[in-house]
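In this note's numbering, the protein residues as written are 4 to 711.
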Amino acid sequence: MPEITLPDGSVKTFPGPVTAAEVAASIGAGLAKAALGCRVDGRLRDLSTRLEADCRLELVTEKKRSGELDPDAIWLLRHSAAHVMAEAIIKLVPGVELVYGPPVENGFFYDLRLPEGLALSSNEFAAIEQEMAGVIAADRPFRRVELDAEAGLARVRAERNKYKIDNAERALSGHRHDAREAEAPDAPQVTLSFYATGEPGRDFEDLCGGPHLPSTGRIGAFKLMSLASSYWHGDADSDRLLRVYGTAFFRKEDLASHLERLDEARRRDHRVIGQRQRLFVIDELVGQGLVLWTPEGSILRQELQSFISTELTRQGYKQVFTPHIGKLGLYRQSGHYPYYIDSQYPPLVERETTEALAEEGASCAELTRRLTTGEVDGYLLKPMNCPHHIRIFASRPHSYRDLPVRLAEFGTVYRWEQSGELNGMVRVRGFTQDDAHLFCSEDQVADEIRGCLGLVRTVLGTLGLDSYRVRVGLRDLDSGKYTGSADVWDKAEEACRAAARTLGVPFTEEPGEAAFYGPKIDFVVRDAIGREWQLGTVQVDYNLPERFDLSYVGRDNQKHRPVMIHRAPFGSMERFCGVLIEHFAGAFPTWLAPEQVRVLPVAERSAAYAAQVHAALREAGVRAVLDDSDERLQGRIRDAAEERVPYMAIVGPRDAEAGTVSVRARGIQKDLGALPLDDFVAAVAAEIATRGARRVTERFEAAPAAVS
RNA sequence: GCCACCCUAGCUCAGUUGGGAGAGCAACUGAUUCGUAAUCAGUAGGUCGCCGGUUCGAGUCCGGCGGGUGGCUCCA
């Protein structure tokens, strides 16, 4: 006689086992119709689940009672859509072996193995979608079939699909990789479940832990998105699978708005905007992942660097410059070579050495060996700036009174990223970090970390990237891969934690995410359309000072080991600018905009005055461009608007007469009115100097339409 | 690196079963001189990514290479 406790605290008693669906029906017809699944004692289950014992029951509907979407509902929907897609694909491509089809953040995928010699292309999506639409229109129920382990395994084995056999074996041994329920990871199942999309024995059936929607008809809208490949078990040495991505929603409008969001992201893509606004190019003759900054993009970067430099100077950093390469021995000592050998450009070896080796008939393997041992020396494109900065620190004796020593450099480093990882400006092979290394005593670590965080706050705040969080990467206590003693680590981790707390932004602690030489703090910023980007990092390092035997003389006249802090709060100029392009969708704040004001004479007879306005702006340090082409004014306004120029100064005979300019501001589709030329120049200059704290548009807010 | 897909004018793209290489925008020239999101006309522009193959004939079919996109895997 189960007693069912509902979320409102009420208890319903039934004379015998009931299904969740029946409980829903006993509450109301509306709920019975809306119910998609249920949570039994917090675990997501089918609506058809039989409740035999006392439990807490929550019925899952599209929206929670509070009105927000229930993530479990969308999970059920997408998991079910994955089954429908699998059925459609199997029907259209006989011989396909299904592997694994879970819901994911924005949809679902199904991994499959195509028969030898067969390919699937996105051209076939329409046919698959049509097939799926048929299954959905038929509104077939999802039926769970549960077999004991032996019978279930026998059945899966009979299908001769090694992937599903593996899935079944893993489920029975507790390794369910599609685990969602809290109970899951290590609780072996004692049964295997299959889900039929319709009638067991007649319709499509798939080994699956469930749960699912009551029926296919609940899938309101879906779309196949893309094809990709994946590895079985995520293992590069294992089978390659074809992954078909799709997404599904309860309503067509939700799918439409999802697609609209994707479009918006595509419109903001820094590669698209970067090309349209000519901010950077990546040229295949120069090389993959190597960014060429155009004059326009260079302004953006230079403005950011100047801003950051100003803040660094304010915080007592000293700027340095170091070369792009260094001798291999330097990196052997730091440990970067050969430990990270796979992610470095190969070493440069002197010509005579190469020739001697060739004469000797040495193999590549032999060369590599000698480079590693130091029998052969060479140069390395620097993968990090720290060794160079360390040598600057070591070039003179230091007293405790000097500390902290803060060496900053916009340092360009080169890393051999896998070609498949490269992405526009945000994942590249040569990039300039806003790097600095702080050499300090142990008791200065916390303050120095706080200083780094302050810098981040200032810069991100100015850019309107107000939403960001912090990840504190701590060591994994069970692993021995770290250098340094436990108490030093404890101190460093506590310093990171304490510093993160003072930031006043959300932070998470992630054990196992520390660098091998120390804990770190990563910054993850959220851009204007809600995407997260990992930018910079602050890392505490006890290892390199040891390796380079760094020291300072303490108050006690003894040598002491400094602690190093590595910090690149914005990661790299490439990634940071790429993120900013997307954040601003190319509409940069005036201080960053490559072109700040466009001067537009109404017609040729105003050319002389326009030239005067142009000159006055340039004189004041404003990046102004004069467009005196004989396009009509409308056309030139359109051009400037599309190029996202912050301000247009439109001048005609009336302005020439009165010594004014008529102002248009980006994003405001009208003439704001006229300002005296000097006022306008001063207002633009002030907006630039204050990095947007004061704005030209303020001049028009007090008295809108003062001048028409 | 791996898998799938893609590569046609400066940009965005069309090119049907293998048979004349196209459009819009940009550029250039001329006309137009105009007060707030596209003035009109004309001209020029291509080794159809590169190399090889099949074919009487290849942008189109096949193979190799290069580059890109989406994923996977990685990211000091």
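All C-beta atoms in this analysis are idealised placements derived from N, C-alpha and C, irrespective of residue type, glycine included.
Within the stretch 280-345, the complete alpha helix (DSSP H) segments at least 4 residues long are 298-317, 331-337, 339-342, listed from N- to C-terminus. Given a length threshold of 4 residues, each whole run of the alpha helix (DSSP H) inside the stretch 107-149 is given here in chain order: 128-140. Cβ neighbours of F283 within its own chain (closer than 7 Å, five residues either side excluded): G277, V294, L295, W296, T297, G300, M428. Here the C-alpha atom of E353 lies approximately 7 Å from the C-alpha atom of G381. In the DSSP assignment, F396 falls outside any beta strand (DSSP E) and lies within the alpha helix (DSSP H) extending over 389-397.
In this structure, the beta-carbon distance from L463 to E451 does not fall below 8 Å.
Excluding the 5 residues flanking it on each side, T465 has same chain C-beta neighbours closer than 6 Å at R694, in chain order. Contact between E585 and D142 is absent: CB atoms are separated by about 42 Å, not below the 8 Å threshold. Residue ranges of uninterrupted alpha helix (DSSP H) with 4 or more members, entirely inside the stretch 518-575 and ordered along the chain, are 547-550. A straight line joining the alpha-carbon of S233 with that of D242 spans about 9 Å.
The beta carbon of H339 lies closer than 7 Å to those of P386, M387 in the same chain, with the five residues before and after it left out.
Distance check between D630 and each of E646, R147, M88, G624 places E646 closest, using alpha-carbon atoms only. Cβ neighbours of F434 within its own chain (closer than 6 Å, five residues either side excluded): S575, E577. Contact between the stretch 582-596 and the stretch 257-275 is present: 3 or more CB-CB pairs across the two stretches fall below 8 Å. Secondary structure of C211 (DSSP, three-state): coil. Straight-line measurement puts the Cα of T313 at about 31 Å from the Cα of V556.
Taking 8 Å as the upper bound for CB-CB distance, Q599 and Y650 are in contact here, some 7 Å apart. Bounds of the alpha helix (DSSP H) holding E267 are 255-271. Nearest to Y403 by C-alpha distance, out of Y417, T22, E445, is E445.
By DSSP's assignment, C58 forms a beta bridge with I7. Remark: C-beta atoms of G110 and G249 approach each other more closely than 8 Å. Each residue's CA atom was taken as its position, placing L288 and S422 some 15 Å apart.
Looking at the backbone, the Cα of G329 and that of G290 are separated by about 21 Å.
The alpha-carbon separation between G454 and G332 amounts to approximately 33 Å.
In this structure, the beta-carbon distance from Y545 to R409 does not fall below 8 Å. Between the alpha carbons of G539 and E55 lies a distance of about 53 Å.
Measuring C-alpha to C-alpha distances from A251 to each of L245, L262, L244 identifies L262 as the nearest.
In the three-state DSSP reduction, A627 falls in the strand class (E or B).
Cα atoms of K36 and R68: separation of roughly 15 Å, rounded to the nearest angstrom. For K94, the enclosing alpha helix (DSSP H) stretches over residues 74-95. With fewer than 16 other Cβ atoms inside 10 Å of its own Cβ, P400 counts as exposed. Beta-bridge annotation (DSSP): M651 is paired with R601, R667.
DSSP places T376 within a helical segment (H, G or I) once states are collapsed to three. Around the beta-carbon of T194, fewer than 16 other beta-carbon atoms lie within 10 Å, marking it exposed.
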